[in-house]
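Since the structure comes first, as structure tokens, the remarks are kept for the end.
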Amino acid sequence: VIELRTDWLTGRTVLFAAHRADRPNEFAAQVGTEAAVASRPCPFCPGHESSTPPAVYTQADVAGYWRVRVVPNKFPAVSIEEPIVTGAHEVVIESARHVDRMAALSVAELAEVLSAYRARLVHWRESGRFEYGLVFKNLGAAAGASLAHVHSQLIALPEVPGPVAAEFARARQSLEEKGKCAYCQLVAQEREAKERVVLDRDGFIAFCPYASLQPCEVWIMPTTHEAWFEARRLEGGDPLAEILRTILTHIEGVLPRVAYNVLVRTSPWQVDAAEAGHWRIEILPRVNALAGFELATQTYINPIDPIRAAQQLLIAARETNR
Ligand SMILES: [Zn+2]
Ligand SMILES: [Zn+2]
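Here the numbering used here is used: the first residue of the sequence shown is 1, the next is one more, and so on.
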């Protein structure tokens, strides 16, 4: 069964060459051994703080030992040096422990990581110099990681990148035409259909998107309208860390030690994004390499239908709960 899907909102085009009987982990041969390059001594471990630029943000325990540390990127992809400001680029060192998997962090540790994301996005947003901020994680060499120690990156940019601006323009047009947030409508549709939903509780939904680029891709979205990740309402506790950890654990249940990217997609920082924008976290397992076809056509080939991927993730969930 071959089906071409284009998602009107994100503009993604995916060719589903679905071998429906296949489990996603039959492709795991391409992903299992991709441990990031071992680097000793590890520059992100305690005791090696001088091998990174000085921290711009830390969370420490009562004894003064840091647990989360944010530093400017030593090898920035963008530069904040005047006179030409092209962007800010930071590294979030997510734990003092030398672990490589994000799911190896406890819920409490992940909550501190999410706080660091929020604080640094707020910092750059309030600087007034940038229009857009992105937090992303590359885990495993296949996902672009060069260091194993659990970390993510933040980039703030003076202009909204083209594909993000195009998606936002479509969302704004949809809001004007229908009077409703396009993403809130998407949440309602996924809830109604149920078949791609992996989790729906505590104000969040996690589902495998209709035009999934990769097997077991999952989006986590707030089920009430929230434009900006960094402006999240946290009264009454924050269930997101536990939900994120749960989803990562399910993905690793289906695809052990898979390389993946996590993208925290907040809305553009312009004021009028409040109604049309809606943040999400994308978790993209890197099962299929970006090959010539993808690069030439910007069309992705995914062998697993997202309905089937959601079923596999739910089976993994039952196995962990047993
Ligand atoms: Zn380390
Ligand atoms: Zn919304």
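Quick reminder that beta carbons are idealized off the backbone N, C-alpha and C, glycines included.
Note that the coordinates shown come from a computational prediction; the quantities given were computed from them, not determined experimentally.
Excluding sequence positions up to five away, which residues of its chain have a Cβ less than 6 angstroms from the Cβ of residue i?
i    : result
I2   : A17
Y300 : V14, L213, E294
H149 : C42, F44, H98
By the 10 Å Cβ neighbour count, where 16 or more other Cβ atoms means buried, how is residue i classified, buried or exposed?
i    : result
R191 : exposed
D305 : buried
V14  : buried
L139 : buried
Q270 : exposed
H48  : exposed
DSSP three-state call for residue i: helix, strand or coil?
i    : result
T249 : helix
R233 : coil
A193 : helix
Q214 : coil
E226 : coil
H123 : helix
L9   : coil
E112 : helix
E90  : strand
E65  : Rather than Glu, the amino acid found at residue 65 in this sequence is Tyr. Coil.
L244 : helix
R201 : strand
E131 : coil
L314 : helix
V37  : For V37, the predicted model reports a pLDDT of 48, less than 50, meaning its position is unreliable; a value from the coordinates is still stated below. It is coil, neither helix nor strand.
Which residue's Cα is closest to the Cα of residue i: the options?
i    : options                : result
P161 : G87, R232, H151, A289  : G87
E230 : L105, L284, H278       : H278
V135 : L263, P268, A289       : L263
T223 : L199, G236, P72, Y210  : L199
A324 : A276, L313, L4         : Past the boundaries of the shown model lies residue 324; the chain is included only from 1 to 322, so the question cannot be answered.
Y117 : A182, L154, S79, V287  : L154
Q319 : A142, A188, A289, V254 : For the sequence presented, residue 319 should be read as Glu rather than Gln. Nearest of A142, A188, A289, V254 to E319, Cα basis: V254.
Which same chain residues end up closer than 7 angstroms to residue i when comparing Cβ atoms and leaving out the 5 residues on each side of it in sequence?
i    : result
A103 : R245, L248, T249, E252
A111 : D238, A241
K74  : T52, P53
A309 : P24, C208, S212, P215, C216
Less than 8 angstroms between C-beta atoms, sequence neighbours within five positions excluded: which residues of the same chain meet that for residue i?
i    : result
L114 : D238, L240, A241, L244
Can you check the segment 150-191 for any beta strand (DSSP E) of at least 3 residues that lies completely inside it and give the ranges in chain order? 151-157
Which full runs of the beta strand (DSSP E) of 3+ residues lie inside the segment 262-306, going along the chain? 280-285, 299-302
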